[in-house]
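Under full-length UniProt numbering, the first residue of the sequence shown carries the number 1, and numbering increases by one thereafter.
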Amino acid sequence: MTIKKKLILLLIPFIIVSGFMFYYFTYSNEAIEAYEVKELDAINTIVVNGKIVPAKSLQIRSPITGVVKEIKVKEGSPVEAENIMIVFETEDIENQLREIEANKRVIEFSLQELSGNGYKLREEEVNIANIQLEEAKKALDRSKELYNNKAISQREYESALTNYDLALAKYNLALINQQNLSHSGSKTKQIEAQIDQFNIRLQGTNLLLEKHSIVAPFKGKITELLIKEGEFIQVGAPLLVLEDQREFFLEVNLDEKELQYISVGQEAIISPQSYPNMRINGTIGSIKPFVDTERGTISISIKLEEANEAVITGLTASAEIITNEYKAVKPIPKRFIINDENDNYVFTMVDNKTEKIKLSIEAETSDSFIVKDGVTKGDVILLPDGIEEGQRVKPMLGE
Numbered sequence: 001m002t003i004k005k006k007l008i009l010l011l012i013p014f015i016i017v018s019g020f021m022f023y024y025f026t027y028s029n030e031a032i033e034a035y036e037v038k039e040l041d042a043i044n045t046i047v048v049n050g051k052i053v054p055a056k057s058l059q060i061r062s063p064i065t066g067v068v069k070e071i072k073v074k075e076g077s078p079v080e081a082e083n084i085m086i087v088f089e090t091e092d093i094e095n096q097l098r099e100i101e102a103n104k105r106v107i108e109f110s111l112q113e114l115s116g117n118g119y120k121l122r123e124e125e126v127n128i129a130n131i132q133l134e135e136a137k138k139a140l141d142r143s144k145e146l147y148n149n150k151a152i153s154q155r156e157y158e159s160a161l162t163n164y165d166l167a168l169a170k171y172n173l174a175l176i177n178q179q180n181l182s183h184s185g186s187k188t189k190q191i192e193a194q195i196d197q198f199n200i201r202l203q204g205t206n207l208l209l210e211k212h213s214i215v216a217p218f219k220g221k222i223t224e225l226l227i228k229e230g231e232f233i234q235v236g237a238p239l240l241v242l243e244d245q246r247e248f249f250l251e252v253n254l255d256e257k258e259l260q261y262i263s264v265g266q267e268a269i270i271s272p273q274s275y276p277n278m279r280i281n282g283t284i285g286s287i288k289p290f291v292d293t294e295r296g297t298i299s300i301s302i303k304l305e306e307a308n309e310a311v312i313t314g315l316t317a318s319a320e321i322i323t324n325e326y327k328a329v330k331p332i333p334k335r336f337i338i339n340d341e342n343d344n345y346v347f348t349m350v351d352n353k354t355e356k357i358k359l360s361i362e363a364e365t366s367d368s369f370i371v372k373d374g375v376t377k378g379d380v381i382l383l384p385d386g387i388e389e390g391q392r393v394k395p396m397l398g399e
C-alpha cells in the first residue's frame, strides 16, 4: 500500500469526526434549560438555623410544705392568668385560723369589761357616796347644835356621829375603787398589744392559706407536670412548668463574620423544618454582646411576629435574615453563571447560536447574582453545562 493511500485512510476518520462536530455545533437542536431575564424585586439574606423557644418559661415551685389535694390542670393544658392550677390540703391551716380568732375574741371581751361600763359604774358610786356623806355631815351638825342646847340626848348625838363616820368610810372606799380602775391603763395597753399580735397572726395565717392554692402568674400552657395528687411536697419542690406562649423566638447562632450585616429590628423570614412551606415573618429581637470564642458564633433571638398553633417549643427552624433589598433589578440564578478567571459570563442566543457574554455584577444574594450590565430584560440565557460557543440548541424556558 502506497503512502498516499495510507494517508487517505488515516484522514477518513478525522474527516468523519470533524464533520460530526461541525454538524453538532452548527445544526444540533439539543434542548437546553433556559432562563428569561426579568426585572424583579430581590433580597439578600443570611440563612441560619436554630430552635424555637417561648418568650418565657417558668418552673413553679411550692411555697409551702403540705399534701397535694387536687391538680386542676394537665400537661398541654392552656391556662389564663390567675387560674387555680393546684390546691393543697387546708384543714390544719383552717383550724389554726379558728383557734386564733377564738382567742382574739376572748381578749377583746376582757378589754370591753375593763374600759367600758366598769369605769362609769365606779364613777357613779363615788357620786352617790359623796351625796350621802354631805347629808350625814348636815345631820351631824344639827345634832351637835341640838346636843349643845340639851335638845337631844347624848345617844342621839352619838348615832348621828356614827352615821357620818360610815358615810365618810363609804365615800373613801368608792374613791379608792375609782382610782384603782383608772390605774388599770397599763393593763389595758397590755391587752391591746395582745390583740395586735392576734391580728398579725391572723394576717400571716390568711396569707399562708392563700399559698395553698397555686395560681397561674400569666397566660400560657402547662408543658410539664411534676407532682401527683396525694403527694407530700416540701417547700421549694418543683410543681410544674408554665410557658408563656403569647410570644415565640427563634434562637440561632450566627457566624461572627456576618455580625456586620445584622442589627436589632432587622426583618427575617422563618420556616419550621416540619412545615417547610410555612413562612413566618420575624424581626431580630436581641443580639448577645459577646462571642462564643470556641465556635466563633454570636447568639441572636428572632421574634416570630405571627406565631400560630403549629408553632411549638423545640421546633427546628431556619431563618433568612434580610440584609439588603433591591427594587426592579435583574437577578440571575447562580447556576446559569460561569466564573472564568474572576470574570462572570452567561451563554445567550445570538442568530440561533450560543454566545458567551461577559457580565457586570452589581450584588450577590444567597441564590442569585444581580446583573448591572451585559444582559437586558427579555434576554434568554442558557444553563452552561456542556455548552460551547457557536452551538445550536433549543432553549427550554422553565415555568
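All C-beta atoms in this analysis are idealised placements derived from N, C-alpha and C, irrespective of residue type, glycine included.
1. Answer with buried or exposed for residue 404, where buried requires no fewer than 16 other C-beta atoms within 10 angstroms of its C-beta.
2. Candidates LYS358, ASN352 and GLU99: which alpha carbon is nearest residue 402's?
3. Quick check on DSSP: helix, strand or coil for LYS334?
4. In this structure, does DSSP put ASP351 in helix, strand or coil?
5. For VAL73, is the classification buried or exposed, using 16 other Cβ atoms within 10 angstroms of its Cβ as the cut-off for buried?
6. Assuming ILE298 and LEU259 make a contact with CB atoms under 8 Å, what is their CB distance in whole Å?
7. First and last residue of the beta strand (DSSP E) that includes GLN245?
8. Could you pull out every residue in the same chain whose Cβ sits closer than 6 Å to the Cβ of LEU58, ignoring the five residues on either side in sequence?
9. Can you look up PHE109 in the DSSP assignment and give me helix, strand or coil?
10. Let me know the beta strand (DSSP E) ranges lying completely inside the region 39 to 127, each 3 residues or longer, listed in chain order.
11. What is the residue span of the beta strand (DSSP E) that PRO395 lies within?
12. Take LEU146 and list the residues in its own chain whose beta-carbon comes closer than 6 Å to its own, dropping the five residues that flank it on each side.
13. What is the DSSP secondary structure of ALA34, reduced to helix, strand or coil?
14. Keeping to the same chain, check which residues put their C-beta closer than 7 Å to that of ALA136; ignore five residues upstream and five downstream.
15. Check for me: the beta strand (DSSP E) holding SER263 runs from which residue to which?
16. In terms of alpha-carbon separation, which member of SER213, ASN127, LYS372 and SER159 lies closest to VAL68?
17. Mapping DSSP to helix, strand and coil, what is LYS219?
18. Using 9 Å as the threshold, is the C-beta distance between ILE52 and PHE88 below it?
19. Starting from the Cα of SER271, find the closest Cα among LEU208, ASP255, PHE290 and VAL311 and give me that residue.
20. Can you grab the Cα-Cα spacing for the pair GLU388 / ILE332, in whole Å?
21. Can you tell me the Cα-Cα spacing of THR223 and GLN190, whole angstroms?
22. Residues bridged to PRO272 by DSSP?
23. Please list, in chain order, all residues of the same chain as ILE71 whose beta carbon is under 6 Å from its beta carbon, the five residues on each side excluded.
24. Quick check: the Cα distance between GLY296 and GLU251, rounded to an integer number of angstroms?
25. Cα separation between VAL350 and GLU30?
26. How close, in whole Å, do the beta carbons of GLU82 and VAL215 come, if the pair is a contact with beta carbons under 8 Å?
27. Quick check on GLY282: does DSSP put it in helix, strand or coil?
Inspection of the coordinates gives the following:
1. Since the first residue shown for the chain is 1 and the last is 399, residue 404 is missing from the structure and cannot be characterised.
2. The shown model of the chain, from 1 to 399, leaves out residue 402, and the question about it has no answer.
3. Residue state, collapsed to three classes: helix.
4. Assigned with DSSP and collapsed to three states, ASP351 falls in coil, not helix or strand.
5. Classification for VAL73: buried.
6. A Cβ-Cβ distance of about 6 Å is found for the pair ILE298 and LEU259, placing them in contact under the 8 Å criterion.
7. Per DSSP, the continuous beta strand (DSSP E) segment holding GLN245 begins and ends at 238 to 255.
8. LEU242.
9. Here PHE109 sits in helix by DSSP.
10. Annotation note: the region 39 to 127 contains the following uninterrupted beta strand (DSSP E) runs of length 3 or greater, listed N- to C-terminal: 40 to 61, 66 to 71 and 84 to 88.
11. From DSSP, the beta strand (DSSP E) with PRO395 extends over 393 to 397.
12. Closer than 6 Å at the Cβ level, and outside the excluded window around LEU146, lie ILE152.
13. The answer is strand: DSSP assigns ALA34 an E or B state.
14. Taking ALA136 as the centre and dropping the five residues before and after it, the same chain places the C-beta of ASN163, TYR164 and ALA167 closer than 7 Å to its C-beta, in chain order.
15. Looking at the DSSP string, SER263 is not in any beta strand (DSSP E), and its letter there is neither H nor E.
16. Between VAL68 and the set SER213, ASN127, LYS372 and SER159, the nearest pair of CA atoms involves SER213.
17. Shown here, LYS219 sits in coil according to DSSP, grouped into three states, outside any helix or strand.
18. With a cutoff of 9 Å on beta-carbon distance, ILE52 and PHE88 are scored as not near each other.
19. When only C-alpha atoms are compared, the closest one is VAL311.
20. Using only the alpha carbons, I get a separation of about 20 Å.
21. Rounded to the nearest angstrom, the two C-alpha atoms are 54 Å apart.
22. BP columns for PRO272 point to ALA317.
23. The answer, listed in chain order, is ILE86 and GLU229.
24. Rounded to whole angstroms, GLY296 to GLU251 spans 16 Å at the Cα level.
25. Approximately 16 Å between the Cα atoms of the pair.
26. Rounded, the Cβ-Cβ distance is 5 Å, consistent with contact.
27. Note: GLY282 maps to strand in three-state DSSP.
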